[in-house]
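Undergrad: Chains A and B are the protein sequences, given in the same order.
For the first sequence, my numbering gives the first residue as 528, with consecutive numbering after it.
For the second sequence, my numbering gives the first residue as 16, with consecutive numbering after it.
Take a look at the following structure, please.
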Amino acid sequence: MNDATFLGMPAFPAAAAGALRDSQLRGNLARATGTIRSRRAAAVSEQDDWEHLREAGRAVKERTLRHLDRYLLQLEEKVTAAGGTVHWARDAEEARRIVVGLVQDTGEREVVKVKSMVTQEIGLNDALADAGIDAYETDLAELIVQLGQDHPSHILVPAIHRNRAEIREIFLRSMGAYGTAAPADLNDDPRRLAEAARRHLREKFLRAKVAVSGVNFLVAETGTAVVVESEGNGRMCLTLPETLISVAGIEKVIPTWQDLEVFLQLLPRSSTGERMNPYTSTWTGTRADDGPRAFHLVLVDAGRTEALSDPVGRQVLNCIRCSACLNVCPVYERVGGHAYGSVYPGPIGAVLSPQLRGTASEVDRALPYASSLCGACYEVCPVKIDIPEVLVHLRARVVEDGRGRLVPKPERLAMAAARWVISRPARLTAAQRAGAVAARLVARRGRVGRLPGPLSRWTDTRDAPVPPAETFSAWWKRTRR
Amino acid sequence: MSPAPVRNPSPALPSPHGTMRIALFITCLNDTLFPATGRAVVTLLERLGHRVDFPPEQTCCGQMHFNTGYRRDCVPLVRRFAEAFAGYDAVLTPSGSCAAMVREHHGRVAEVSGDERLSAAVRDAPPVYELSEFLVDVLGVTDVGAYFPHRVTYHPTCHSLRMLGVGDRPLALLRAVRGIDLVELGGADQCCGFGGTFALKNADTSVAMCTDKVRHVLDTGAEVLCAGDNSCLMHIGGALSRLRTGVRVMHLAEILASTEKGPVHGAEEPSPASWRDTERTKTP
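See below:
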């Protein structure tokens, strides 16, 4: 189940340290997240009933997940009745096989894609390439990532780590190899960059016979798929080709159109800071006179049923991929998305990836610790996922998993020792005395500038306080009793 | 817009009149490294006419173990806390994150442990208040009669802000301090990067966050950075000290305890020099 892992990535602490050295990246991220953050804050502050909306969003998601089997079967029935075909994929491998097979059945050698997290998660583009099928991303930021042979670093803005000068270079270097080249005099004016992308993509839209999309929501009562986007590339992909293959995690289903109303308010304000997104496409099966002639819906589990069985962790399935948590996260803002080693970066990625993939790999075991637990993510989450709660819950799982080891890790020994010391006042007092003596031996001019072992990670950059001659409890004992 | 709901609002208020039995939960970190904060709390409460007790059996709220994933190690600490403070009307602590740990997680730790008696003990334990909540909500004061003639900026720590929802209570208390020049901190609601064991496990990221916080602090031109949690101040202060900025960090309690007579709180002898250097702030 390691499909969504960026192969060869080190675990978070080391990956983050590398990213932090890239001052261009830090500049790009600080500027971009700062802008989106204030736009979101403004858009949300207009809505008097925002807290009620959040609560409604959470409640709808939780109710749906409680009866997920029922809604999924209802969805399948309605999609089938409307002329679509539903496919069920237990894991990423099965999902890839289904989609590749569907494309091969059409006899086509290329597909256009609407930006989709789940196809990234299952590694679809590589599977298509292995089958000799070219997949073209049509979302502007996703195109930048694809042309730059790069990984996405943000859920909504996959190329957030790039600035316009870098984008110009990527366009000039790579566009020609895949279709219409960028004009030789391209500069870094955003309008010129968008125009180059538009020309490059237009050719593909008009030629493509097959499109692959994700979905934002699936309305069970009518079997309707919904895609929410900003650029119109989605509308092109969803309407022009003859065959449309949509891939969705099983948690994307919601019961009714009335429920959709809640999310169409929550999502744009949370993600782009807009009252409404420019393009909302909804389609139900196929029509004889318009749009794709064939519609396939591939429903992917890939760890979701497992996550659903976890009473604390299941709330991650509420996620509507708005990325508000990324934009407010002080950790994400500084290290960017790649350090999370997954297509799902930021706070939600730190809980979603280990929930979907388990905690067997070093990358996934490190993710729950990639947070200072400041709580900013929970505050903005439109479906009220208590991310800090799930982070700590997953940390406990990582610790419990390690309990059987023959040779305990130094951290476990340190934690056990700390517990032994602080569980009795007399032991604490003795340790305080010993610590004070030791610290004063290493102190210089009232500062501790260097500590041994793992504590050197503190003193490499921060002075440590010198313990005082008298603890508070000793002072109390001396003066008050 | 309706305000975000507070996760752990102040518990029901005990009567501020009559014989309220107040216990001080000093926290292991303050006891060991920052006793001046504890002395300041005692000085302040006594100045306001209240007696505060210090149950000697207390140690630690278990936050470090809980937040790092060592839940089993946390159980005896939760039990000790419940036993040490049983019978008091209110527990007062000069730490937002420790108050949040007790309020938000002790019940859950007890429940998961399967120990019914522990669950009952946690349920019956007295309400726990962070200092600014206690002063404003329980005692109903914002002007505590303090004097502190320095330029000060205030960092609202994440757990005070988001888990307890103390709001502007600390600022209201600081604004009422005579002589103070209180200046706003840019990016105040951004985490300083301490995060407990995060500061060691992800030291590079932690320091990157701290660097931006330090920049904002220096931008204010403040002499003193104030907060309601010494753990965050240890982190930011450690960087301010390493950079030789000359900016000192002080717990809210120490500023509120300061008067015209000076900022030395309840200490019969000067406490030793530390990089916090609170004793050097002799007011004119």
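Ideal placement from N, C-alpha and C gives every residue a C-beta, glycine not left out.
All figures in this text were calculated on a predicted structure; none of them were measured in a lab.
Specify, as a first and last residue, the run of the alpha helix (DSSP H) that A:Glu-916 falls within.
TA: Indexing the first sequence from 1 puts residue 916 of chain A at position 389. It spans 914-928 - the alpha helix (DSSP H) in which A:Glu-916 sits, taken as one unbroken run.
Undergrad: Curious, which full-length alpha helix (DSSP H) runs of at least 4 residues does the stretch 727-788 of chain A contain?
TA: Whole alpha helix (DSSP H) segments, 4+ residues: 760-766.
Undergrad: For the stretch 794-806 of chain A against the stretch 750-764 of chain A, are there 3 or more C-beta pairs whose distance is under 8 angstroms?
TA: Taking 8 angstroms as the limit for Cβ pairs, the verdict is that the stretch 750-764 of chain A does touch the stretch 794-806 of chain A.
Undergrad: Just confirm the distance between the C-beta atoms of A:Val-789 and A:Val-587, as a whole number of angstroms; I'd bet it's less than 8 angstroms.
TA: By one-based count along the first sequence, residue 789 of chain A stands at place 262. By one-based count along the first sequence, residue 587 of chain A stands at place 60. Right, the Cβ-Cβ distance comes to about 6 angstroms (below 8 angstroms), so this counts as a contact.
Undergrad: How many Å lie between A:Lys-911 and A:Trp-1002 at the Cα?
TA: Walking along the first sequence from the start, residue 911 of chain A turns up at place 384. Walking along the first sequence from the start, residue 1002 of chain A turns up at place 475. Computed Cα separation, rounded: 45 angstroms.
Undergrad: How would you call A:Pro-717, buried or exposed, if buried means at least 16 neighbouring beta carbons within 10 angstroms?
TA: Locating residue 717 of chain A in the first sequence gives position 190, counting from the first residue. Label assigned to A:Pro-717: exposed.
Undergrad: Could you name the residues of chain A that B:Leu-215 contacts, counting a contact when the two beta carbons are closer than 7 angstroms?
TA: Residue numbering aside, residue 215 of chain B sits at position 200 when the second sequence is read from its first letter. Going along chain A in sequence order, the residues near B:Leu-215 (Cβ under 7 angstroms) are Pro-981, Arg-984 and Trp-985.
Undergrad: For the 8 angstroms Cβ check, are there 3 or more pairs between the stretch 160-180 of chain B and the stretch 812-830 of chain A?
TA: No, the stretch 160-180 of chain B does not touch the stretch 812-830 of chain A.
Undergrad: So, is the C-beta of A:Gln-842 closer than 7 angstroms to a C-beta in chain B?
TA: Residue mapping note: residue 842 of chain A aligns to position 315 of the first sequence, counting from 1. By this cut-off, A:Gln-842 is not an interface position.
Undergrad: Using a Cβ cut-off of 7 angstroms (strictly closer), state whether B:Ala-97 contacts chain A.
TA: On the second sequence, residue 97 of chain B is found 82 positions in, with the first residue counted as 1. No, B:Ala-97 does not count as interfacial toward chain A.
Undergrad: Taking the C-alpha atoms as reference points, what is the distance between A:Glu-860 and A:Gly-750?
TA: Taking the first sequence and counting its residues from 1, one reaches residue 860 of chain A at position 333. Taking the first sequence and counting its residues from 1, one reaches residue 750 of chain A at position 223. Distance between the alpha carbons of A:Glu-860 and A:Gly-750: 38 angstroms.
Undergrad: Residues of the stretch 85-116 of chain B in Cβ contact with chain A at a cutoff of 7 angstroms, in chain order, please.
TA: Answer in chain order: Tyr-85, Arg-86, Asp-88, Pro-91, Leu-92 and Arg-95.
Undergrad: Below 8 angstroms, how does it come out for the stretch 259-273 of chain B and the stretch 223-241 of chain B: are there three or more Cβ pairs, yes or no?
TA: Output reads yes: the stretch 223-241 of chain B touches the stretch 259-273 of chain B.
Undergrad: Kindly indicate the opening and closing residues of the alpha helix (DSSP H) around A:Val-870.
TA: Locating residue 870 of chain A in the first sequence gives position 343, where the first residue counts as 1. It is not in any alpha helix (DSSP H) - A:Val-870 carries neither H nor E in the DSSP assignment.
Undergrad: From A:Arg-951, A:Glu-604 and A:Arg-585, pick the residue whose C-alpha is nearest to that of A:Tyr-905; which is it?
TA: Taking the first residue of the first sequence as 1, we reach residue 905 of chain A at position 378. The residue with the shortest Cα to Cα distance from A:Tyr-905 is A:Arg-585.
Undergrad: So what does DSSP say about A:Ala-662, is it helix, strand or coil?
TA: As a position in the first sequence, residue 662 of chain A is number 135, starting the count at 1. Three-state DSSP puts A:Ala-662 in a strand.
Undergrad: Name the DSSP beta bridge partners of A:Met-702, please?
TA: Here residue 702 of chain A refers to the residue found at position 175 when the first sequence is read from its first residue. Answer by DSSP bridge pairing: none, since A:Met-702 is not bridged.
Undergrad: Give the interface partners of A:Asp-990 over in chain B, defined as CB-CB distance under 9 angstroms, in chain order.
TA: Locating residue 990 of chain A in the first sequence gives position 463, where the first residue counts as 1. Simply Gly-252, Gly-253, Ala-254, Leu-255, Ser-256, Arg-257 and Trp-290.
Undergrad: On the DSSP letters alone, give me the boundaries of the beta strand (DSSP E) that B:Cys-241 sits inside.
TA: By one-based count along the second sequence, residue 241 of chain B stands at place 226. Element bounds for B:Cys-241: 239-242.
Undergrad: Check whether the stretch 102-115 of chain B touches the stretch 137-148 of chain B, taking contact to mean three or more Cβ pairs, one atom from each stretch, closer than 8 angstroms.
TA: Yes, the stretch 102-115 of chain B touches the stretch 137-148 of chain B.
Undergrad: Quick one: grab the DSSP three-state call for B:His-121.
TA: Locating residue 121 of chain B in the second sequence gives position 106, where the first residue counts as 1. In this structure, B:His-121 counts as helix in the three-state DSSP scheme.
Undergrad: Can you confirm whether the stretch 625-635 of chain A touches the stretch 835-853 of chain A when touching is taken to mean that 3 or more C-beta pairs between the two stretches lie within less than 8 angstroms?
TA: No, they do not touch.
Undergrad: Would you tell me roughly how many angstroms separate the C-alpha atoms of A:Trp-810 and A:Ala-557, rounded to the nearest one?
TA: The residue given as residue 810 of chain A occupies position 283 in the first sequence. The residue given as residue 557 of chain A occupies position 30 in the first sequence. Whole-angstrom Cα-Cα distance: 38 angstroms.
Undergrad: Please decide whether B:Gly-208 counts as near chain A, where near means a Cβ-Cβ distance under 7 angstroms.
TA: Residue numbering aside, residue 208 of chain B sits at position 193 when the second sequence is read from its first letter. Yes, B:Gly-208 lies at the interface with chain A (some Cβ there is under 7 angstroms from its Cβ).
Undergrad: Does the Cβ-Cβ distance between A:Val-862 and A:Ala-541 come in under 7 angstroms?
TA: Here residue 862 of chain A is taken as the residue at index 335 of the first sequence, counted from 1. Here residue 541 of chain A is taken as the residue at index 14 of the first sequence, counted from 1. It is not a contact, given that the beta carbons lie outside the stated cut-off.
Undergrad: If we count the other Cβ atoms within 10 Å of its Cβ and call it buried at 16 or more, is A:Glu-603 buried or exposed?
TA: The residue labelled residue 603 of chain A in the question sits at position 76 within the first sequence. A:Glu-603 should be labelled buried.
Undergrad: Specify, as a first and last residue, the run of the alpha helix (DSSP H) that A:Lys-640 falls within.
TA: Taking the first residue of the first sequence as position 1, residue 640 of chain A is located at position 113. Note, A:Lys-640: premise wrong, no alpha helix (DSSP H); beta strand (DSSP E) at 637-640.
Undergrad: Under a three-way DSSP split, which group does A:Glu-997 fall into?
TA: Position 470 of the first sequence, counted from the start, is the residue given in the question as residue 997 of chain A. Three-state DSSP puts A:Glu-997 in coil, outside helix and strand.
Undergrad: Where does B:Arg-166 sit, in a helix, a strand or coil, going by DSSP?
TA: Position 151 of the second sequence, counting from 1, holds the residue named residue 166 of chain B. DSSP places B:Arg-166 in strand when its eight states are reduced to three.
Undergrad: Residue ranges of each beta strand (DSSP E) run of no fewer than 3 residues wholly in the stretch 220-261 of chain B, ordered along the chain?
TA: Listed in chain order, they are 239-242.
Undergrad: Can you name the start and end residues of the beta strand (DSSP E) that B:Ile-37 belongs to?
TA: Start at 1 with the first residue of the second sequence, and residue 37 of chain B comes out as number 22. Looking at the DSSP string, the run of the beta strand (DSSP E) that includes B:Ile-37 is 37-39.
Undergrad: Can a CB atom of chain A be found closer than 7 angstroms to the CB of B:Gly-129?
TA: By 1-based counting over the second sequence, the position of residue 129 of chain B is 114. No, B:Gly-129 does not count as interfacial toward chain A.
Undergrad: Cβ closer than 7 angstroms: which chain A residues qualify as neighbours of B:Glu-72?
TA: Position 57 of the second sequence, counted from the start, is the residue given in the question as residue 72 of chain B. By Cβ distance, chain A contributes Pro-952.
Undergrad: Does the distance from the CB of B:Tyr-169 to the CB of B:Gly-194 come in under 7 angstroms?
TA: Residue mapping note: residue 169 of chain B aligns to position 154 of the second sequence, counting from 1. Residue mapping note: residue 194 of chain B aligns to position 179 of the second sequence, counting from 1. Not a contact, by the Cβ cut-off of 7 angstroms.
Undergrad: Quick one: Cα of A:Thr-986 to Cα of B:His-65, how far?
TA: As a working mapping, residue 986 of chain A is identified with position 459 in the first sequence. As a working mapping, residue 65 of chain B is identified with position 50 in the second sequence. The straight-line gap from Cα to Cα measures roughly 40 angstroms.
Undergrad: For B:Leu-44, which residues from the same chain have a beta carbon less than 8 angstroms from its beta carbon, with the 5 sequence-adjacent residues on both sides left out?
TA: To locate residue 44 of chain B, count along the second sequence from 1; it is residue 29. These residues qualify, in order along the chain: Ser-110, Asn-245, Ser-246 and Met-249.
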